[in-house]
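Since the structure comes first, as structure tokens, the remarks are kept for the end.
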Amino acid sequence: MAIKKIESKDEFKSFVEKIEKGRDYKRPLAFGICRIDRGQKNREKVLQAIYPFVNWNENFGSAAVFIEALRESGENIDFTSSEQLFDITDAFIINAISAFNPYLDEAKGDAHKNVQVLKELAKIVECEDLDDSFRILFLFKDDAPQCVESVYIKLYALSLGKAELRSVNLNGAFGILHNVAWFGNEPFELDWLRENEIELKLNGAYPEIESVDKFPRYLQHIIPADNTRILDSAKVRMGAQLHPGTTVMPGASYINFNAGTTGAVMVEGRISSSAIVGSGSDVGGGASILGVLSGTNGNPVSIGENVLLGANSVTGIPLGDGCIVDAGIAILEGTKVAISRAELEKIKEVNPFWDVNIEDENIFKGVELAGKNGIHFRQNSMTGQIMAMRSRREVKLNVELH
Amino acid sequence: MAIKKIESKDEFKSFVEKIEKGRDYKRPLAFGICRIDRGQKNREKVLQAIYPFVNWNENFGSAAVFIEALRESGENIDFTSSEQLFDITDAFIINAISAFNPYLDEAKGDAHKNVQVLKELAKIVECEDLDDSFRILFLFKDDAPQCVESVYIKLYALSLGKAELRSVNLNGAFGILHNVAWFGNEPFELDWLRENEIELKLNGAYPEIESVDKFPRYLQHIIPADNTRILDSAKVRMGAQLHPGTTVMPGASYINFNAGTTGAVMVEGRISSSAIVGSGSDVGGGASILGVLSGTNGNPVSIGENVLLGANSVTGIPLGDGCIVDAGIAILEGTKVAISRAELEKIKEVNPFWDVNIEDENIFKGVELAGKNGIHFRQNSMTGQIMAMRSRREVKLNVELH
Amino acid sequence: MAIKKIESKDEFKSFVEKIEKGRDYKRPLAFGICRIDRGQKNREKVLQAIYPFVNWNENFGSAAVFIEALRESGENIDFTSSEQLFDITDAFIINAISAFNPYLDEAKGDAHKNVQVLKELAKIVECEDLDDSFRILFLFKDDAPQCVESVYIKLYALSLGKAELRSVNLNGAFGILHNVAWFGNEPFELDWLRENEIELKLNGAYPEIESVDKFPRYLQHIIPADNTRILDSAKVRMGAQLHPGTTVMPGASYINFNAGTTGAVMVEGRISSSAIVGSGSDVGGGASILGVLSGTNGNPVSIGENVLLGANSVTGIPLGDGCIVDAGIAILEGTKVAISRAELEKIKEVNPFWDVNIEDENIFKGVELAGKNGIHFRQNSMTGQIMAMRSRREVKLNVELH
């Protein structure tokens, strides 16, 4: 069977509608065509999936075409499963190209990225074998990923900002990805290196391995916004999300997967997995924002807008807007923090919904101050006491809430 | 017109003298020939300027020759402007070679670097087109830079140690440089990557981007002294200055542009833009020296000689010689520091010009101790109080001052 | 002279026995064949030695064959010296191949690595000159190394886990290794770069230098275990030892040579030269473990099992098992630490051999708590006092000791 060449955009629309009305048909949550890197020793091992374009809750017409092109190529799609993965074949390409015919010419620049992917595949297939190197993945539900391609499409969705941080199911991802040696964007099986170590070394051909990890780096797959800067690719893992305007310095910074920024942020410290930092904030040199696996009792830390985390500070609680943590101090869930009556009154002003008793001397545990706006955490240098006051940073309260 | 071949060094001298006596002639503050990397999409965008040799307040004879060679090639030089930039042409090369004729043979090794540059250009032009890839820049005043080549020559002057840190006008440099993806010393426009992402990725040819930044790294342009070590090129930005004997470890260190060392220094922490560290000092693991943009109220921090900044300490005030900041503590402008009478007397001995009242208990703000010698900053582990005493580190006082 | 082809494994055994019984013969502590990188300018300078396989207190049969093959090729071996180094020649290869004849076929995979090295050399010699690129080193005593090849074999022994950390004599190693620019696993003399800077830069061929150091990186020479992860190759120096299961994150971490882990450890901080961390421990983000050159009075720091060093903490004393150092605090030899009677009693339970007087209030110097199990170091956030209590982490006491 084959899809017959579609001659107009109207015909294309009817074609898609008909597919989408099909019995059992289900629009995918996400889909994409990827190039895969296979194991050097064990070709069945997929070491990496490279997506030139990821669809996340969008482009359902293209999804319908791809699904139909697969069916016409003899594949069955199970819409009840959470994900479905297929090899790209010549037949699939021919079928999909026939369907996309009205869009082939205008597919360039930012327009019709899926068609562009298809056109490039058609070019490749003219010159060489597809060589089992290309696959198409559909996610129908955001269940725990079942294959490498699925983990990658989710990491892409996070890093491209198409899915919100913490919103994607990555359970078991570490078990699915292989630990490999990365060299020039290419993953190598460690066992292959072992097997070829003698030959490579004696011939001066041993590769210059940049990392050994299950994850690639963000910059191996993602093109950041024009005003985003990452001064060292090692500092941002694939799956991190950097809002445009974010700068990541090379000192002691690190942004793990499923962590990042939701506005322009200066990052000179660590944003652990699950931590999120808001617009205008500054993660000072060596500052640590703890993650769910590192001292927050499993509570993910969100840092609000316009917050300053001083150099070498440690933050284990969520902070609201306009907060300051002074250089070198640690505010954890159990840290006791003293606040005077006058300062607590000022802090309350920028936290109108905080139901707090105000005493002459107020001692809070860190966790009790979680998410509050406008707090400046300090250590009294004469007494060593950790205390808090109203920060001098502006807190913009949502007027509609008052 | 053309410069006629000069046959002797005497003739060369007269030739230069005549040029320098010309009406309006002005010796340039700096000049150099550079290779430029142009945008892949927009060839008018200069992404990087690579100087094989930079002249900074020196080699005025070569400057005169280059200026004359430009004029003979039909260019006008405006000596009243702060900077002048010209494309290198075949005519320029021929003219300059004619003038430098008496030096052509001996231009090798450390001798006559400008002539060596010219000879190499002559070699290139024999085999291929110059291809708009080479330019010559003159700085007549240290005004705010007007072009990428000008920013680069100033960064070179700093990194080569030809200009003192903080002495060069880099106002607006961030606005002039383009934010690009760096891959193997080559800058790529992000837009070009976007336009070619699909093709590059599907063909397994996506470049391994090492950083996305306006600045390159120091080691992309600068050859350090034999006894200088930089264990990770990401840790030193172009425009930093490393005195011979400096070692930069790869943990949490970073040296920004317009920052660095004026003697052999062990760097395991951060030297922010505008900060300077003196000979024999040790910036401990994770130690932060704040910059004018990060908590010093705009006051640049100089650290004296033979100073120890402990691991994970934070310093926001200038320090004199022989100081110690203990591991893990932060000394900022507002930090209150207690000093006993006995210790203050000892500290005063190594700060003979410090006009200070000595009480039984003395409390200073950090800023009041700025630049003082021989202070050991500590936190009393029983009371949490930040205190200072005379450090055990030697302070060499300039005898002539006593 | 030549070694005659050995036809059986029995004959091989007799051959080895005869060699080992020879007058003055001494089994080497270590030996290996390496490829060397020579200086670009000064070919006599060895910049790096690459060992495809290192023998450390093992494979004495192969050693005997290699020694005999050298003697048959006209070399004299001085068994009284601490190390002996020879060029690999065609004659050596032919002799050794003759001796290893019974093992040639089965030398593959994990079997007979020395024979595999030899077979690869025989392959190379068929196609091209050996070009003075290969050498064989024997260590007869662990004295201070005398040559680059000797330093490297010792670094390999540490990094491969064949020698225990701190057990190898590396005195003077810094004086033997050359400071070079590393580019794609290849070391370059800085002087060669200087000499070729103009040509390289003008032709757009200047190499992308990754580091300037005497040491290469661990991953340039060592293939880690399948469950070991190193997210940034710059973070682990050659000569470090990583026990399988160790993860090194890219934030503020660093593991120097002669330092590392003896079990699965999460490393997000610095392990200075001479420091060792035990199984199940966690070196938090930015945590510093001081080395003998950085504040421990020359006492190397061992961290026990199941220890947590909090983010940005600093540890300058050895710790036993199950300890915690809270985020942001520094415990050095001189740090005073208060422990209540109740807590000290609980701590003593997991340190049965600690002969300590228990008072109502106990003040210890850090050094007095060195190596003790189950201590949680904290700073009281109300008083600034550094105090300790029994940690909640399990301490497994060796039952046989009770």
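Protein chains in written order, with the working numbering: chain A, -4 to 397; chain B, -4 to 397; chain C, -4 to 397.
Backbone N, C-alpha and C define an ideal beta-carbon position, used for all residues, glycine too.
Everything numeric in this text was worked out from a predicted model, so none of it was measured.
Would you check if there are 3 or more beta carbon pairs closer than 8 Å linking the segment 219 to 236 of chain C to the segment 191 to 207 of chain A? yes
Determine, using beta-carbon pairs with one atom in the segment 153 to 171 of chain C and one in the segment 242 to 262 of chain C, whether at least three such pairs fall under 8 Å. yes
If you follow the alpha helix (DSSP H) that C:GLN215 is in, where does it begin and where does it stop? Element bounds for C:GLN215: n/a, residue is neither H nor E.
Under a three-way DSSP split, which group does C:ASN97 fall into? One point to set straight first is that residue 97 of chain C is Pro, not Asn, in the sequence displayed. Here C:PRO97 sits in helix by DSSP.
Can you tell which of B:TYR147, B:SER269, B:LEU165 and B:GLY279 has its C-alpha closest to the C-alpha of B:ILE217? B:TYR147
Tell me, to the nearest whole angstrom, how far the beta carbon of B:LEU285 is from that of B:THR310; I am working on the premise that it is less than 8 Å. 7 Å
In chain C, what lies closer than 9 Å to B:ILE119 by C-beta? LEU197 and ASN198
Leaving out five residues on either side along the sequence, give the residues of the same chain with a beta carbon under 6 Å from the beta carbon of B:ILE62. ILE72
The segment 284 to 309 of chain C: which residues have C-beta closer than 8 Å to a C-beta of chain B, in chain order? LEU285, SER289, GLY290, ASN307, SER308 and VAL309
Tell me, to the nearest whole angstrom, how far the beta carbon of C:LYS196 is from that of C:SER93; I am working on the premise that it is less than 8 Å. Not confirmed; about 51 Å, so no contact.
Show which residues of chain A have a CB atom less than 8 Å away from the CB atom of B:TYR20. In chain order: nothing, as chain A lies at least about 42 Å away.
Cβ-based neighbour list, B:GLN43, same chain, cut-off 6 Å, excluding 5 preceding and 5 following: ASP32 and PRO182
Pair within 7 Å by beta-carbon distance, A:GLY273 and A:SER154: no
Can you check the segment 7 to 70 of chain B for any beta strand (DSSP E) of at least 3 residues that lies completely inside it and give the ranges in chain order? 25 to 33 and 41 to 45
Across which residues does DSSP place C:VAL175 in a beta bridge pair? C:GLU184 and C:ASP208
Going along chain A, which residues have a C-beta under 7 Å from C:PHE48? ILE193
In this structure, how does DSSP classify A:PHE252 when only helix, strand and coil are distinguished? coil
Per-residue DSSP class, three states only, for B:GLU203: coil
Interfacial residues, the segment 202 to 218 of chain B to chain A, with Cβ spacing under 9 Å: PRO202, GLU203, ILE204, GLU205, SER206, VAL207, ASP208, LYS209, PHE210 and ARG212
Can you tell me whether C:SER289 sits near the ligand COA, meaning its C-beta is under 6 Å from at least one heavy atom of the ligand? The ligand COA is not among the ligands present in this structure, which contains no ligands whatsoever.
Using 8 Å as the threshold, is the segment 347 to 354 of chain B in touch with the segment 2 to 20 of chain C, meaning 3 or more CB pairs across them? no
Using a C-beta to C-beta distance shorter than 9 Å, which residues of chain A count as neighbours of B:THR330? SER376
What would DSSP say about B:HIS397, mapped onto helix, strand or coil? Low local confidence applies: a pLDDT of 43 at B:HIS397 is under 50, so the model's placement there is unreliable, with the coordinate-based value given in what follows. DSSP places B:HIS397 in coil when its eight states are reduced to three.
In the DSSP output, what is C:LEU134 paired with across the bridge? C:ALA25 and C:GLU78
Any C-beta of chain B sitting closer than 7 Å to the C-beta of C:GLY240? no
Answer yes or no: does any C-beta atom of chain A fall closer than 7 Å to that of B:ALA229? yes
Is it true that the CB of A:ILE324 sits closer than 7 Å to the CB of A:LYS374? Contrary to the premise, residue 374 of chain A reads as Gln rather than Lys in this sequence. Yes, these two residues count as a Cβ contact at 7 Å.
With distance defined between alpha-carbon atoms, name the residue in B:PHE87, B:TYR151, B:TYR46 and B:SER308 nearest to B:ALA117. B:PHE87
How many Å lie between B:HIS397 and B:CYS318 at the Cα? Residue confidence is low: B:HIS397 scores 43 on pLDDT, short of 50, so the model does not pin down where it sits. Its coordinate-derived value is still stated next. Computed Cα separation, rounded: 21 Å.
Could you spell out the range, first to last residue, of the alpha helix (DSSP H) harbouring B:ILE148? 143 to 154
Rounded to whole angstroms, what is the Cα-Cα separation between B:PRO202 and B:GLU344? 60 Å
Tell whether a beta-carbon distance below 7 Å holds between B:SER308 and B:ALA337. no
Does any C-beta atom of chain C lie closer than 7 Å to the C-beta of B:ALA322? yes
Of the residues that make up the segment 240 to 259 of chain A, which ones have a beta carbon closer than 7 Å to any beta carbon in chain C? ALA247, SER248 and TYR249
Go through its chain and collect everything with a Cβ distance to B:ASP85's Cβ below 8 Å, but skip five positions before and after it. VAL120 and LEU125
Every unbroken alpha helix (DSSP H) inside the segment 258 to 328 of chain A [4 residues or more]: none
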